[in-house]
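Contents: one structure, followed by commentary.
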Amino acid sequence: WYQRRVRGEYSKIFTTKFHPRERKFDMVRRRRYNRRLVSNVPKPVVFKIMEEEAKGDKPAKFINMAPRIITEYEDRQVHKYQLRAYLYQARGLLGADTSGYSDPYARVIFGNRSATTDVIFESISPLWDTTLILDTVEICGHPDDIASN
296 WYQRRVRGEY
306 SKIFTTKFHP
316 RERKFDMVRR
326 RRYNRRLVSN
336 VPKPVVFKIM
346 EEEAKGDKPA
356 KFINMAPRII
366 TEYEDRQVHK
376 YQLRAYLYQA
386 RGLLGADTSG
396 YSDPYARVIF
406 GNRSATTDVI
416 FESISPLWDT
426 TLILDTVEIC
436 GHPDDIASN
């Protein structure tokens, strides 16, 4: 769950920098959504470990530690796959250069593997029309369970 607050950002024109407060010569307003996560889940487990004992007037010193959760699988449950991600285009990107355009690229990340498209210079609607291939993507579990998910 999250709570949504709508704020505006203002600018003289689209290609100049946006700022939070409206000024006299501003012609452009865009909405900016701020989301704050509101959790119903209890706080995570944290252990207090005494680092130094109390000595005289000096109170004891504690440090907080959260347990690390590590899942281990047998070698026969780790399977290697090939992930293919087809990227066609992006539309309506904001201009980041002084010319009002951007030099966009896309990155696909899955687990500990990643791939990146070519940079398309001077564009706000790039057309990649390419397939990124991630080899040896490791997924743990039985192949039937992986296929059903």
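For the sequence shown, the positions run 296 to 444 when the numbering used here is used. All C-beta atoms, glycine included, are put in the ideal place defined by N, C-alpha and C. Everything numeric in this text was worked out from a predicted model, so none of it was measured.
- Linking A401 to R324 through their CA atoms gives a straight-line distance of about 28 Å.
- Contact annotation, V403 with A380: C-beta distance approximately 5 Å; criterion of less than 8 Å satisfied.
- For A442, the enclosing alpha helix (DSSP H) stretches over residues 438-443.
- Comparing alpha-carbon positions, the option among T311, A391, H374, Y305 lying closest to D321 turns out to be Y305.
- Taking a cut-off of 8 Å on C-beta distances, the segment 428-436 touches the segment 366-385, as three or more cross pairs fall below it.
- 9 Å or more divides the Cβ of A391 from the Cβ of S420.
- As computed with DSSP, N359 is found in a beta bridge with K343.
- When rounded, the separation of the alpha-carbon atoms in E348 and P362 is 22 Å.
- Taking C-beta separations shorter than 8 Å and ignoring five residues to either side along the sequence, the partners of L422 in its chain run Y383, Q384, I415, following chain order.
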